[in-house]
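Asker:
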Amino acid sequence: MGRYVARRLLQMIPVFLGTTLLIFLMVYTLPGDPVRGLFGDKGADPATLARLRHEKGLDLPILQQYWNYMTGIVLHFDFGDQIASGRPVTDVLGDAFPVTLRLAGLAFVIEIVIGIGLGTVAGLRAGRLVDNAILIFTLLIISIPVFVLGFIVKAVFAFQLGWISPNVSGEAKWSELLAPAIVLGSLSLAYVARLTRTTMAENLRSDYMRTAVAKGLPKRRIVGIHLMRNSLIPVITFLGTDLGALMGGAIITEGLFNVKGVGGTIYESIVKREGTTLVGLVTILVLVYLCMSLIVDLLYAVLDPRIRYA
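Residue numbers 1 to 310, in UniProt numbering, belong to the letters of the sequence shown in order.
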């Protein structure tokens, strides 16, 4: 196991460098000059623009800019400063990530508990009324776009019933994040339920399940140990990659509920052409994806004792 983890960590280095390089090239080759954008419609003389580009290091070759950026991260954990305000990007990350982490974590718990719960009920009762009802429910959730579902939740539960606040405050309390977390995790919840139901229905017909029943094992042990552990392997794979998607793909949800997290910061960075902030945020998301991929692979051996890593 130790050799496998060390090998995977070494493999993550070129993946991380290649991914961040592509992101860096795409961001800094976008049309528009972030320095010129500081002056809006007023404009500025070429000498002032050249001086500011030199101070920000934007006049250097693109590969040298990337080298300086990566050196700052590795040696000093320094993601640079914002072009407009001069504020360190680490401060921006420190404000945005805890909020999105709470939102994504709450959405993740909701999709695990409700998604696996619905999938288990449907899988154990495949072809019956409950299974068909859950199938219709998940299809309905999948067919509704996130921004439409968010608007419906706000219109019904905030404006008509008054049960929730239409916008999340700056403190981003757990109670305020519940509604956007439900909206954010709804699509993944439906996929988790359908995936769990499919794998459980297939494994119920497997030889090892018939053997466990023939041995006279308790039903709780048959379902909880033999059936669940084998059925959750593809579900764990989906959940591992989905956690990174929840953290990075919350732009629409955070915009609807005015959540000051990663999604809103990414949107503002794109509009203002704040390349340093945008690259810093995406770099953290890349690390999240890589770490979750490693954790998912290690969980395979926990769920299935037949899997061994050399």
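Here a beta-carbon is modelled for each residue, glycine too, at the ideal position from N, C-alpha and C.
Residues in its own chain within less than 7 Å of LEU278 by CB, not counting five upstream and five downstream?
Answerer: Answer for LEU278: VAL27, ILE266, SER269, ILE270, listed in chain order.
Asker: Kindly list the residues whose CB is nearer than 7 Å to the CB of LEU187, restricted to its own chain and excluding five residues on each side of it in sequence; keep chain order.
Answerer: These residues qualify, in order along the chain: ILE141, ILE142, VAL146.
Asker: For the stretch 32–119, list the alpha helix (DSSP H) runs that are entirely contained and at least 4 residues long, ordered along the chain.
Answerer: Taking only runs of at least 4 residues, the alpha helix (DSSP H) segments lying wholly in the stretch 32–119 are 34–37, 46–56, 62–76, 89–110.
Asker: Do you know how far the Cα of LEU246 is from the Cα of LEU124?
Answerer: So the two alpha carbons sit approximately 29 Å from each other.
Asker: Measuring alpha carbon to alpha carbon, tell me which of ALA6, LYS215, VAL296, VAL282 ends up nearest PHE97.
Answerer: Residue VAL282 is the option with its Cα nearest to PHE97.
Asker: Helix, strand or coil for PHE137 per DSSP?
Answerer: The answer is helix: DSSP assigns PHE137 an H, G or I state.
Asker: Tell me where the alpha helix (DSSP H) around LEU157 begins and ends.
Answerer: The sequence as given places Phe at residue 157; Leu does not occur at that position. Neither: PHE157 is in no alpha helix (DSSP H) and is coded neither H nor E.
Asker: Tell me whether ILE13 is buried or exposed, calling it buried when 16 or more other Cβ atoms sit within 10 Å of its Cβ.
Answerer: Flag for ILE13 reads exposed.
Asker: Is the separation between the beta-carbon of LEU106 and that of LEU177 shorter than 7 Å?
Answerer: Going by C-beta atoms, LEU106 is nearer than 7 Å to LEU177.
Asker: Measuring straight from C-alpha to C-alpha, what distance separates PHE275 and LYS260?
Answerer: Residue 275 is actually Gly in this sequence, not Phe. Going by the C-alpha atoms only, they are around 19 Å apart.
Asker: If you measure between the beta carbons of GLY115 and VAL192, is that distance less than 7 Å?
Answerer: Contact: yes.
Asker: Out of curiosity, what's the CA-to-CA distance linking SER231 and ARG221?
Answerer: Going by the C-alpha atoms only, they are around 14 Å apart.
Asker: Could you check if residue 389 is buried or exposed, using at least 16 other CB atoms within 10 Å of its CB as the buried criterion?
Answerer: Examination of residue 389 is not possible in this model, given that the chain is present from 1 through 310 alone.
Asker: What is the C-beta distance between THR198 and THR120, in whole angstroms, given that I count them as a contact (C-beta under 8 Å)?
Answerer: About 12 Å separates the two Cβ atoms, so there is no contact after all.
Asker: DSSP three-state label for LEU217, please.
Answerer: Of the three classes helix, strand and coil, the one that applies to LEU217 here is coil, per DSSP.
Asker: Shortest alpha-carbon distance to LEU93 belongs to which of LEU285, TYR300, TYR289, ARG51?
Answerer: Here the closest residue by C-alpha is LEU285.
Asker: Would you call the CB atoms of ALA122 and LEU184 closer than 7 Å?
Answerer: Taking 7 Å as the Cβ cut-off, ALA122 and LEU184 do not qualify as a contacting pair.
Asker: Report buried or exposed for ASP91, applying the criterion of at least 16 other Cβ atoms within 10 angstroms of its Cβ.
Answerer: ASP91 should be labelled exposed.
Asker: Which class does LEU290 belong to by DSSP, given the choice of helix, strand or coil?
Answerer: DSSP places LEU290 in helix when its eight states are reduced to three.
Asker: Quick one, are the C-beta atoms of ARG205 and THR138 less than 7 Å apart?
Answerer: It is not a contact, given that the beta carbons lie outside the stated cut-off.
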